[in-house]
């Protein structure tokens with residue numbers, strides 16, 4: 367099998383659910399790299415998840431890339447203008 | 367004068383106050399580089415600030431480095447254990 371790169375979307379669940387998803391992804395397949403994607407308030411959660419996974423669970427995990435950006439979201443109900451939200455992508459690799 | 371590297375701590379003020387601080391720092395002195403530092407929920411604000419400054423105000427601004435980490439905070443009143451909070455450092459450079 368080729369090496370896979372998985373994507374985990376971080377939302378508003380507790381950080382530990384995403385940490386568990388990372389651990390599962392690394393242990394079940396031959397995944398070498400996982401990218402966490404988040405936007406808006408979940409950006410903080412994504413950073414928490416990366417830090418918890420790295421410091422407490424997977425010792426040889428490294429943050430290899432962090433990128434920030436902006437995404438356009440459709441307007442809320444009753445509003446006319448689309449909203450801009452910040453995004454983050456954190457790539458984690460196992461040595 | 368030598369080139370300076372400024373640090374702006376991002377807290378819970380509206381993002382635009384920090385964007386203004388960045389614009390001021392770049393225009394008043396010969397600052398070439400500014401580092402935004404934030405922790406906890408302010409991480410999202412720091413990303414917003416970097417994105418707003420870059421896309422709307424300073425066209426030649428580049429994100430040159432993003433680092434995440436963990437800091438230990440003293441326990442809240444009535445608690446015994448110190449808390450761990452995530453941190454972010456975003457370095458912005460003007461071409």
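Chains as they are written, first to last, in our numbering: chain A, 367 to 461; chain B, 367 to 461. For glycine and all other residues, C-beta sits at the position ideal for the given N, C-alpha and C.
In whole angstroms, give me the CA-to-CA distance for residue 440 of chain A and residue 405 of chain A.
In the first chain, residue 440 of chain A corresponds to position 74, counting from 1. In the first chain, residue 405 of chain A corresponds to position 39, counting from 1. Spanning the two alpha carbons is a distance of roughly 14 Å.
Quick check on the DSSP output: what are the complete alpha helix (DSSP H) runs of length 4 or more inside the region 398-433 of chain A, in order along the chain?
Taking only runs of at least 4 residues, the alpha helix (DSSP H) segments lying wholly in the region 398-433 of chain A are 408-418.
For residue 423 of chain B, which residues from the same chain have a beta carbon less than 7 Å from its beta carbon, with the 5 sequence-adjacent residues on both sides left out?
Position 57 of the second chain, counted from the start, is the residue given in the question as residue 423 of chain B. Answer for residue 423 of chain B: 385, 389, listed in chain order.
Quick one: measure Cβ to Cβ for residue 459 of chain B and residue 399 of chain B, integer angstroms, because I've assumed they're closer than 8 Å.
Indexing the second chain from 1 puts residue 459 of chain B at position 93. Indexing the second chain from 1 puts residue 399 of chain B at position 33. Their Cβ separation, rounded to whole angstroms, is 5 Å, which keeps residue 459 of chain B and residue 399 of chain B in contact under 8 Å.
With C-beta atoms as the reference, is residue 409 of chain B less than 7 Å away from residue 454 of chain B?
For this step, residue 409 of chain B is matched to residue 43 along the second chain. For this step, residue 454 of chain B is matched to residue 88 along the second chain. Against a cut-off of 7 Å, the Cβ pair of residue 454 of chain B and residue 409 of chain B comes out as a contact.
For residue 373 of chain B and residue 425 of chain A, I'd like the C-alpha separation in whole angstroms.
The residue you call residue 373 of chain B lines up with position 7 of the second chain. The residue you call residue 425 of chain A lines up with position 59 of the first chain. The alpha-carbon atoms of residue 373 of chain B and residue 425 of chain A are separated by roughly 31 Å.
Note down, in chain order, each residue of its chain lying with its Cβ closer than 8 Å to the Cβ of residue 414 of chain A, except the 5 sequence neighbours on either side.
The residue given as residue 414 of chain A occupies position 48 in the first chain. Only 381 meet the Cβ criterion.
Can you tell me whether DSSP reads residue 385 of chain B as helix, strand or coil?
Numbered from its first residue, the second chain carries residue 385 of chain B at position 19. Helix, per DSSP.
Using a Cβ cut-off of 7 Å, which residues of the region 413-430 of chain B contact any Cβ in chain A, in chain order?
Correct list: 413, 414, 416, 417, 421, 429.
Between which two residues does the beta strand (DSSP E) carrying residue 443 of chain B extend?
As a first step, residue 443 of chain B must be located in the second chain, where it is residue number 77. Looking at the DSSP string, residue 443 of chain B is not in any beta strand (DSSP E), and its letter there is neither H nor E.
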